[in-house]
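Numbering (the UniProt record's numbering), first residue to last: 1 to 374. All residues carry an ideal CB built from backbone N, CA and C; glycine is no exception. From a predicted model like this one, the values you see are computed outputs, not experimental measurements.
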Amino acid sequence: MHALIAIDSFKNSMTSLTANRTVATALAKHHVTASQVAIADGGEGTVAAFLANQPGGQAVTVATVDLAQRPIQATYGYFAEQHLAVIEVAAASGIQFLTAGLNPANTNTYGTGLLIKAAIEHGATKVILGLGGSGTVDGGAGILRALGVGFFDKNDQPLMMVGADLARVARVDTSKVLPKLSRVTFISAADVTNPLTGKLGATRVFGPQKGLDSAQLATYDAAMANYMQVVTGSVEKHPADGAAGGIGFALRYFLHAQVRSGFELIAQLSHLKAQIQQADLVISGEGQVDDQSFMGKVPIQISHLAQAAGKNCYLLVGNQKGAAATFAKQGVTAVLPIVDRVMTLEEALQRGPENLARTADRLARLITNPVKLN
1 MHALIAIDSF KNSMTSLTAN RTVATALAKH HVTASQVAIA DGGEGTVAAF
51 LANQPGGQAV TVATVDLAQR PIQATYGYFA EQHLAVIEVA AASGIQFLTA
101 GLNPANTNTY GTGLLIKAAI EHGATKVILG LGGSGTVDGG AGILRALGVG
151 FFDKNDQPLM MVGADLARVA RVDTSKVLPK LSRVTFISAA DVTNPLTGKL
201 GATRVFGPQK GLDSAQLATY DAAMANYMQV VTGSVEKHPA DGAAGGIGFA
251 LRYFLHAQVR SGFELIAQLS HLKAQIQQAD LVISGEGQVD DQSFMGKVPI
301 QISHLAQAAG KNCYLLVGNQ KGAAATFAKQ GVTAVLPIVD RVMTLEEALQ
351 RGPENLARTA DRLARLITNP VKLN
């Protein structure tokens with residue numbers, strides 16, 4: 001029996017690589033062979049997935065700043081032969097940097113812009129930017145400022161372009177943009193289609209999880225509309241402009257980026273469909289599955305591929321919300337939560353690999369010794 005394992009990261013517990021390896025080791029004890037695919041959807045783990053699935057890459061670590069301008073070190077992937085850089089927004093502007101007192105109004109994506117600039121100076125002529133896991137809602141203005149775009153208020157004073165400055169911006173100057181930008185192709189790896197403004201826009205949909213309270217949403221959305229009006233001369237709805245707090249807009253309008261599904265980029269790179277066809281069963285999972293999983297999360301995209309190939313698909317997860325029948329309609333054979341007793345979140349995260357190994361062992365026993373009912 002041969003399994004295809006493609007598990008997304010368990011946030012703050014396990015990377016995709018670690019989770020895959022843990023399950024493969026458990027299966028091997030029951031004589032089940034396995035192929036492993038490092039997987040991601042443009043968020044955490046995207047760089048690692050590219051490095052694992054495409055030869056010739058290296059991890060490059062550089063100095064930058066986080067979303068509050070605090071100095072940090074961040075890593076991107078670089079493939080010299082293709083002059084390709086793979087960068088995660090989360091590496092410098094991720095939600096994990098949102099400490100007490102921080103919210104979208106006083107943060108920006110400048111650090112991600114510094115990463116892009118460093119990659120271009122390193123020789124990149126193609127940049128794939130994974131838009132998952134961001135902690136900002138600045139319309140990508142911080143990135144643009146790092147690349148040389150100037151933003152000014154009505155008194156022609158320069159702005160840092162934290163979120164609060166979106167309402168104040170009155171003029172944009174592109175005369176000092178990094179010269180090499182014109183020779184660089186950009187791809188936005190995004191799995192959301194939200195526009196920049198409005199009820200389904202970056203502010204109203206993603207703002208609350210990043211620290212905006214409900215009373216701020218209308219004002220902040222109006223500020224985002226002002227930003228778009230100043231930059232483009234109009235306020236329009238474009239799919240994926242709202243990705244990563246509006247970074248999708250900045251990449252589309254200023255950098256002419258092509259939008260691609262982060263999951264599909266890695267699935268294509270790893271020949272995931274072919275590997276599923278060759279397997280007897282498929283195992284995926286991540287930290288939590290719930291109703292949002294049906295909006296393009298990795299495990300459900302994999303279950304759809306397994307269903308199309310006529311393969312059973314098992315999800316190993318930290319936490320499950322939602323009825324089993326709902327998941328069954330999406331091609332999921334069974335969802336197996338890996339926490340089997342009451343424990344704190346901190347303990348569950350710490351014991352993640354141990355819990356995953358134990359659950360994978362139980363799954364291996366089930367699939368190699370199926371119960372026969374008369």
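Endpoints, beta strand (DSSP E) assigned at residue i
i: Gly77; result: Pro71 to Phe79
i: Pro337; result: Ala334 to Pro337
i: Arg171; result: Arg171 to Asp173
Environment of residue i [buried if 16+ CB atoms lie within 10 Å]
i: Lys29; result: exposed
i: Gly56; result: exposed
i: Ala92; result: buried
i: Ser9; result: buried
i: Gln73; result: exposed
i: Ala6; result: buried
i: Leu144; result: buried
i: Leu166; result: buried
i: Gln275; result: buried
i: Glu81; result: exposed
i: Arg252; result: buried
i: Leu84; result: buried
i: Ala3; result: buried
i: Thr107; result: buried
i: Pro195; result: buried
i: Leu200; result: exposed
i: Ala141; result: buried
i: Thr64; result: buried
i: Asn103; result: buried
i: Asp173; result: exposed
i: Thr99; result: exposed
Extent of the continuous alpha helix (DSSP H) to which residue i belongs
i: Thr22; result: Ser16 to Ala28
i: His304; result: Val298 to Ala308
i: Val89; result: Val89 to Ser93
i: Ala364; result: Gly352 to Thr368
i: Ala250; result: Ala243 to Leu255
i: Ala202; result: Ala202 to Phe206
i: Ala48; result: Thr46 to Asn53
i: Leu105; result: Strictly speaking, residue 105 in this sequence is Ala, with Leu absent from that position. It is not in any alpha helix (DSSP H) - Ala105 carries neither H nor E in the DSSP assignment.
i: Ala328; result: Ala324 to Ala328
i: Gly142; result: Ala141 to Ala146
Bridge-paired residues (DSSP) for residue i
i: Thr185; result: Lys126
i: Pro158; result: Phe152
i: Thr64; result: Ile72
i: Ala267; result: Bridge partners of Ala267: none, in fact.
i: Asn319; result: Gln288
i: Arg260; result: Ala189
i: Ala225; result: In DSSP, Ala225 forms no bridge with anything.
i: His2; result: Thr33
i: Gln96; result: Its beta-bridge partners do not exist; DSSP assigns none.
i: Asn312; result: Leu281
i: Leu84; result: Phe79 and Lys126
i: Ala59; result: Gly77
i: Phe294; result: None; Phe294 has no bridge partner.
Distance between residue j and residue i (C-alpha atoms, nearest Å)
i: Leu373; j: Ile300; result: In this prediction, Leu373 scores a pLDDT of 49, lower than 50, which makes its location untrustworthy; the coordinate-derived value is nonetheless stated afterwards. For Leu373 and Ile300, the distance between alpha carbons rounds to 29 Å.
i: Ile247; j: Tyr220; result: 16 Å
i: Ala225; j: Arg21; result: 46 Å
i: Ala190; j: Gly296; result: 10 Å
i: Ala105; j: Val137; result: 8 Å
i: Gly207; j: Ser35; result: 39 Å
i: Leu24; j: Ile266; result: Leu is not the amino acid found at residue 24; the sequence shown has Ala there. Taking the straight line from one Cα to the other gives about 20 Å.
i: Gly94; j: Ile116; result: 15 Å
i: Gly163; j: Glu121; result: 28 Å
i: Asp153; j: Gly233; result: 16 Å
i: Arg204; j: Leu217; result: 6 Å
i: Asn319; j: Pro239; result: 31 Å
i: Arg341; j: Asn53; result: 36 Å
i: Met161; j: Val317; result: 39 Å
i: Glu346; j: Thr368; result: 33 Å
i: Ala257; j: Gly139; result: 15 Å
i: Thr359; j: Ala244; result: 34 Å
i: Ala334; j: Ser270; result: 25 Å
i: Glu286; j: Pro337; result: 10 Å
i: Ile187; j: Ala357; result: 36 Å
i: Gly198; j: Tyr227; result: 14 Å
i: Val86; j: Gly123; result: 13 Å
i: Gln277; j: Val192; result: 27 Å
Contact test: residue i Cβ vs the ligand COA heavy atom, cutoff 7 Å
i: Glu286; result: Annotation note on the ligand COA: not contained in the displayed structure, which lists no ligands.
Subject >> Cβ contact (3+ pairs, closer than 8 Å) linking the region 63 to 75 and the region 179 to 194 >> reply: Under the three-pair Cβ rule at 8 Å, the region 63 to 75 does not count as touching the region 179 to 194.
Original post:
Is the region 36 to 50 touching the region 120 to 136, taking contact as three or more C-beta pairs under 8 Å?
Top reply: Yes, since at least three Cβ pairs between the region 36 to 50 and the region 120 to 136 fall closer than 8 Å, the two stretches touch.
**OP:** Count the C-beta pairs between the region 201 to 221 and the region 275 to 286 that are closer than 8 Å, then say yes if the count reaches three, no if not.
**Re:** Here the region 201 to 221 does not lie against the region 275 to 286, with fewer than 3 beta-carbon pairs under 8 Å apart.
Original post:
Given 8 Å as the limit, is there contact between the region 343 to 354 and the region 7 to 17, that is, 3 or more CB pairs closer than that?
Top reply: Remark: three or more beta-carbon pairs, one from each stretch, lie closer than 8 Å, so the region 343 to 354 and the region 7 to 17 are flagged as touching.
Subject >> the region 44 to 51 / the region 75 to 94 touching (three or more Cβ pairs under 8 Å) >> reply: The answer is yes - the region 75 to 94 touches the region 44 to 51, with three or more Cβ pairs under 8 Å.
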